[in-house]
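Here's the structure we're looking at; comments come further down.
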Amino acid sequence: MAKQFQLNSKKNKLKFSVTVTLKEDVLDPQGKVVQNTLVNMGINNLKSIRQGKHFEIDINEKELTVAKKKIDEMCRKLLVNLIIEDYKINIIK
Amino acid sequence: MAKQFQLNSKKNKLKFSVTVTLKEDVLDPQGKVVQNTLVNMGINNLKSIRQGKHFEIDINEKELTVAKKKIDEMCRKLLVNLIIEDYKINIIK
Amino acid sequence: MKITDQLVEKHGLKKDEFENIKKLLGREPNLLELGIFSAMWNEHCSYKSSRLHLKKLPIAGEQVIQGPGENAGVIDIGDDDAIVFKIESHNHPSYIEPYQGAATGVGGILRDVFTMGARPIALLNSIHFGAPDHPKTKSLLNGVVSGIGGYGNCIGIPTVGGETKFNETYNENILVNAMAVGHAKKNKIFYSKAKGLNKSVVYVGSKTGRDGIHGASMASAEFDEESEEKKPTVQVGDPFTEKLLMEACLELMKDNSIISIQDMGAAGLTSSSVEMASKGSLGIELDLEKVPCREENMTPYEMMLSESQERMLIILEDGKENSAKKIFDKWDLDFVIIGKTTNTNKLILKFNNKIEGEIPIEALASKAPVYDRKWIKKKPSKIKVDLKNLKKIKIEDALIKILSSPNHSNKSWVTNQYDQMVMCDTAQKSGSDAAIIRIHNKDKAIAVSVDSSANYCKSSPLTGGKQIVCENWRNLIAVGAKPLAITNCLNFGNPENKEIMGEFAECINGIKEACEFLNYPVVSGNVSFYNGTNNKNIYPTPVIGGVGLIQKLTKPINHYFKKENSSIIVIGKTIGHIEQSCFLKENYSINEGLPPEINLLNEKNNGESLLKLIEKNLVLSSHDISNGGLITALCEMTFSSNFGAKIYKPKKLTNMFKYFFGEDQGRYIIEIEAENLPKVEKILKDDKIYYENIGFTQKEKFEIEGELNILTKDLFKINNEWYNKY
Amino acid sequence: MRSSVIVFPGSNCDRDIAVALEKMQFKNQMVWHKETKLPKSDLIVIPGGFSYGDYLRSGAIAGKSLIINEVKNAANSGCLILGICNGFQILTETGLLRGTLLRNKNLKFINKDVYVKVTNNNSKFTNKYKKDQILNLNIAHNEGNYFTDQKHLDELKNNNLIAFRYCDEKGSINDFYNPNGSLENIAGIFNSKKNILGMMPHPERMVDEIISNKDGVNLFSSLLN
Ligand SMILES: Nc1ncnc2c1ncn2[C@@H]1O[C@H](COP(=O)(O)OP(=O)(O)O)[C@@H](O)[C@H]1O
Ligand SMILES: [Mg+2]
Chain A
2 MAKQFQLNSK KNKLKFSVTV TLKEDVLDPQ GKVVQNTLVN MGINNLKSIR
52 QGKHFEIDIN EKELTVAKKK IDEMCRKLLV NLIIEDYKIN IIK
Chain B
2 MAKQFQLNSK KNKLKFSVTV TLKEDVLDPQ GKVVQNTLVN MGINNLKSIR
52 QGKHFEIDIN EKELTVAKKK IDEMCRKLLV NLIIEDYKIN IIK
Chain C
86 MKITDQLVEK HGLKKDEFEN IKKLLGREPN LLELGIFSAM WNEHCSYKSS
136 RLHLKKLPIA GEQVIQGPGE NAGVIDIGDD DAIVFKIESH NHPSYIEPYQ
186 GAATGVGGIL RDVFTMGARP IALLNSIHFG APDHPKTKSL LNGVVSGIGG
236 YGNCIGIPTV GGETKFNETY NENILVNAMA VGHAKKNKIF YSKAKGLNKS
286 VVYVGSKTGR DGIHGASMAS AEFDEESEEK KPTVQVGDPF TEKLLMEACL
336 ELMKDNSIIS IQDMGAAGLT SSSVEMASKG SLGIELDLEK VPCREENMTP
386 YEMMLSESQE RMLIILEDGK ENSAKKIFDK WDLDFVIIGK TTNTNKLILK
436 FNNKIEGEIP IEALASKAPV YDRKWIKKKP SKIKVDLKNL KKIKIEDALI
486 KILSSPNHSN KSWVTNQYDQ MVMCDTAQKS GSDAAIIRIH NKDKAIAVSV
536 DSSANYCKSS PLTGGKQIVC ENWRNLIAVG AKPLAITNCL NFGNPENKEI
586 MGEFAECING IKEACEFLNY PVVSGNVSFY NGTNNKNIYP TPVIGGVGLI
636 QKLTKPINHY FKKENSSIIV IGKTIGHIEQ SCFLKENYSI NEGLPPEINL
686 LNEKNNGESL LKLIEKNLVL SSHDISNGGL ITALCEMTFS SNFGAKIYKP
736 KKLTNMFKYF FGEDQGRYII EIEAENLPKV EKILKDDKIY YENIGFTQKE
786 KFEIEGELNI LTKDLFKINN EWYNKY
Chain D
583 MRSSVIVFPG SNCDRDIAVA LEKMQFKNQM VWHKETKLPK SDLIVIPGGF
633 SYGDYLRSGA IAGKSLIINE VKNAANSGCL ILGICNGFQI LTETGLLRGT
683 LLRNKNLKFI NKDVYVKVTN NNSKFTNKYK KDQILNLNIA HNEGNYFTDQ
733 KHLDELKNNN LIAFRYCDEK GSINDFYNPN GSLENIAGIF NSKKNILGMM
783 PHPERMVDEI ISNKDGVNLF SSLLN
């Protein structure tokens, strides 16, 4: 743990999160069932719920722009199905 | 979209996101496979990737604290498996 | 670290056990050694309370290639084919995290089977939940079923049978037992016994993480309120990696590289290495810094006690390291030589060249404690139920009550979540008395079934023990298979309680008696004690998994009526034993009295005669009579069939309810082509089998003369409602 | 006819399809996903299973494997490609077929025999079936809920590119007999040139009377035709 922290503070490493969500016009069977279940469980006022994916990515790279580009590449090449999904990249540290 | 925005601006509704991640020592088979694949695809410098879930929740409630409590209840009752997962609630608007 | 009393207790070791450890070591253990003792000496791994009783079980027979004592049992099914099978419990983990608990249960039992060189060909399970209206039941059911499916479907082995039951005795302690069946070549079976000095000990599979540390001790303690809070690191199943591991192991097994192989199940690296060394009367030395780890800074203690899944330990022949590694590289799996066999008869654990632990192997294995725990016989209940004293009901209503009850409802909600067809050899899916799996590329097939009868065992452990073996035997016979051998999973409460221990001892006596009489030996099994919470123990629930052989599979036999106007015959005598019946339970909530007795002689004769009829191709459909009695079995024969039945009023009528709902044992219903009736009757008479001609099949309706007349499709609907509404 | 079955780590219907192909007298080869060259083939089959555990999205990772480029080249030069179940999912992930397969509407794995209607029998894959013939086939999947955009759906309909649709015993196509929520009860589709077929049901499971039925046989004999 301590060791890892040290590395981070030296900023040889960057941490990102990526959120992948289904495009708005794509059916979300999972979200729908979750929503129905919550309503059946008596949770009222729930208007809508949609489910997506979340990735936490550590990358050995100190340049933010380079790192971001790499993350974007990962998303386009693998993590995201661009036909049905949108994504957003956030830097954590 | 336009209509929804209107509603939001009237603040009868709040929007949250919830991120659910596996606890630190819990095996993440999905993240593991994704990581190997990315490395095999030639994406270097990748240190680690872990996969979690992301929910976007709209709730008909104007009081932030009440809403947050409701979201928390949903998480504990259904969305999160507290035995192996952690979660974080964020307000979007 | 100082080894305090508290630390010892936390490791689940009793004071005198700890004293014993010090004596065996000649000194105080360090923490790592203490952990290892706790892993090896707990109930789950040492069988300390059960061993003396298990010894009574019959384990031999000419069909047996390997009995208990290995990762799984092995039987001979002719030619060069062998069947490898075992059942195991994953009760406590599944209660804490139903999806992962059930999934890893399936993963674990699969490893036991492919470790022995067998390709798994079928999965079964026996799952018991609390009362349906208990607040936890629904989510446990959902989680367990999808966990079992999640693992089996992904790895691509059909889940073809099982049982799903509800009873409030499991409210706080569900049962999840998984059984795996594999096919191997008779001369290519692999064992765990190490041989030879200085042989490479190889670690393959997934990396080691901090998951499930002390899982085996958890399975050896009662639950209390805190267990849910304790949240031990739950193991997450990775069926994809298991699939790779299975293919890699089976590939490596094609040549002669392996001396011995053992999966890392309960107590992980500890029990696998100790077991291999102890069976081979050798020592083993491990360099723990070489163990592939998932997390940073893992300690030897964590490595030795981790229960990370999808890992194996292999002892290799000299010079085979490179070729073996190639195979595991191909499948993207870790392959690391982490130690060697020695002549020290010790387990020696080094970490960065420093000896961290040193324990004589026999202290962990043969010198582990064995207890002759106190037990008492159950006093037989004298209660007889007199139907005259009960509120009157109509036969139709009583029947509907049973057919629509959770325990008797159609299980397709469950079984549709399992891939039953993958591998394309499933000739009969679950839903019948037994599933039928064809041996790939051959004409022969095996039949498999798992069964339990907790209510019977609770009321009379001895009779109950006999009864489940017989019921399981009957299920195989009913599909035309010759029963060969069984595996058993003995789920009981706290063995330190002498009544519970009595239930255990008596059930074993019952199992033994039946197995001996039927030449139906036990080749593998598992014991799960401490099923209970706060001193409330579950009903004794031994689960029997049986395997039978169908020499030539032409047309699978099942219980669906096939034709109009065929004769319906009941084999075996109907006396009308009504105590412990589901008629009384579902309609009057009466649980008293003794279960029906077992007559082993009749059992055997009835079964063998039926088998003869099936082999002579005289049977259109057949079904054993179990819970719910004759009438329930008849209804089941009309489901998924276009035909109903017309049943005569019983001739020697005692009482209609006793006749139709009584649960007398050793009975089957068969459908016979009308023209074959004389032939069949002759065979049965020659064999001195008691039988009754009770009616004939007809279109659409299920009828009992003067009593009942219902459309079969309505009955089917009633039977299908519960799960979909739950 | 020469066929190749692509095997990914986690494929588990590879043996099943191989058995069916050999039974139907195809000259079949198994091709490991790390290969970079495909043997000469008239038919390439991507089998069912859980390639890479289906951990990211079903079929996603297999869609990035080395061999897939070869499959794409072959497809472009007119080779016949059949994707079954996970194979269908992989074909949509690679873009060889359009649309995607979402989770089943009940969020559960479904294994059962269902009825499907042959909606187009004018193809290399279906010519031995009668138009509108009703088949009883086994399905076994978590993600069989076909989804595509309206424009593509219109294209599928206008150009008769829907191969199979879920229906009831009598052939009526309705919601009740839609096992997984699939758009328009779609169970299988062609690409525009009809040399690629992706389908969720498993024809290879239906070639042997003792095990099930023979409703899958004609798919293979169509290919040989
Ligand atoms: N109830 C039983 N009947 C017969 N054999 C049993 C029984 N319980 C356990 N065994 C045998 O004892 C051995 C050890 O069992 P177990 O510890 O469950 O194996 P594993 O290490 O694979 O988990 C196995 O060979 C098993 O078949
Ligand atoms: Mg084992």
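Chains as they are written, first to last, in the numbering used here: chain A, 2 to 94; chain B, 2 to 94; chain C, 86 to 811; chain D, 583 to 807.
Beta carbons: idealized from backbone N, C-alpha and C, even for Gly.
These figures come from a predicted structure and were not determined experimentally.
Separation of residue j from residue i, as counted between CA atoms
i: I412 (chain C); j: S342 (chain C); result: 12 Å
i: A599 (chain C); j: V554 (chain C); result: 6 Å
i: I710 (chain C); j: S466 (chain C); result: 24 Å
i: S613 (chain C); j: V169 (chain C); result: 21 Å
i: K315 (chain C); j: R379 (chain C); result: Because K315 (chain C) carries a pLDDT of 43, less than 50, the predicted location of this residue cannot be relied on, and no value is offered for it.
i: H551 (chain D); j: G246 (chain C); result: One cannot answer for residue 551 (chain D) here, as it falls past the ends of chain D, which runs 583 to 807.
i: S18 (chain A); j: G442 (chain C); result: 42 Å
i: G290 (chain C); j: A448 (chain C); result: 28 Å
i: G635 (chain D); j: K699 (chain D); result: 30 Å
i: F122 (chain C); j: Q185 (chain C); result: 27 Å
i: H493 (chain C); j: G631 (chain C); result: 22 Å
i: V40 (chain B); j: D750 (chain D); result: 47 Å
i: K473 (chain C); j: L484 (chain C); result: 18 Å
i: K808 (chain D); j: N704 (chain D); result: Residue numbering for chain D in the displayed model covers 583 to 807; residue 808 (chain D) lies beyond these limits and cannot be assessed.
i: P377 (chain C); j: T200 (chain C); result: 20 Å
Beta-carbon spacing of residue i, residue j below 8 Å
i: I242 (chain C); j: M508 (chain C); result: yes
i: A539 (chain C); j: A519 (chain C); result: no
i: G424 (chain C); j: E370 (chain C); result: yes
i: L695 (chain C); j: I562 (chain C); result: yes
i: K69 (chain B); j: K16 (chain B); result: no
i: I663 (chain D); j: I778 (chain D); result: yes
i: T427 (chain C); j: L547 (chain C); result: no
i: N740 (chain C); j: G791 (chain C); result: no
i: I596 (chain C); j: G550 (chain C); result: yes
i: T22 (chain B); j: E62 (chain B); result: no
Buried versus exposed, by CB contacts within 10 Å (16 or more), residue i
i: W126 (chain C); result: buried
i: V47 (chain B); result: Looking at the sequence itself, residue 47 (chain B) is Leu, so the reference to Val does not match. So L47 (chain B) ends up on the buried side.
i: G43 (chain A); result: exposed
i: Q7 (chain A); result: The predicted model places Q7 (chain A) with a pLDDT of 44, which falls under 50 and marks its position as unreliable; any figure quoted below should be read in that light. It counts as exposed.
i: G111 (chain C); result: exposed
i: A351 (chain C); result: buried
i: L475 (chain C); result: exposed
i: G677 (chain D); result: exposed
i: K339 (chain C); result: exposed
i: V67 (chain B); result: exposed
Exercise. Should the region 360-376 of chain C be called in touch with the region 401-417 of chain C, which here means at least 3 C-beta pairs below 8 Å?
Worked result: no
Exercise. Is the number of C-beta pairs between the region 195-214 of chain C and the region 170-185 of chain C that are closer than 8 Å three or more?
Worked result: yes
For this session: Would you check if there are 3 or more beta carbon pairs closer than 8 Å linking the region 130-137 of chain C to the region 440-458 of chain C?
Result: yes
Exercise. Should the region 214-227 of chain C be regarded as contacting the region 257-264 of chain C, the criterion being three or more beta carbon pairs within less than 8 Å?
Worked result: yes
For this session: Taking 8 Å as the threshold, find out whether the region 726-736 of chain C comes into contact with the region 780-792 of chain C through three or more Cβ pairs.
Result: yes
For this session: Determine contact between the region 759-771 of chain C and the region 494-508 of chain C, defined as no fewer than three beta-carbon pairs at a distance below 8 Å.
Result: no
For this session: Evaluate contact between the region 91-100 of chain C and the region 429-437 of chain C, counting only Cβ atoms and requiring at least three cross-stretch pairs below 8 Å.
Result: no
Exercise. Are there three or more Cβ pairs, one per stretch, closer than 8 Å when the region 768-782 of chain D is compared with the region 723-732 of chain D?
Worked result: yes
Problem set entry | Stretch-stretch touch, CB-based, cutoff 8 Å, three pairs: the region 680-695 of chain C with the region 606-624 of chain C | no
Exercise. Where in the region 681-753 of chain D do unbroken runs of the beta strand (DSSP E), each at least 3 residues long, occur, reported from the N-terminal end onward?
Worked result: 682-684, 692-700, 716-723, 727-729 and 744-749
For this session: Can you check the region 601-647 of chain C for any beta strand (DSSP E) of at least 3 residues that lies completely inside it and give the ranges in chain order?
Result: 607-613 and 626-635
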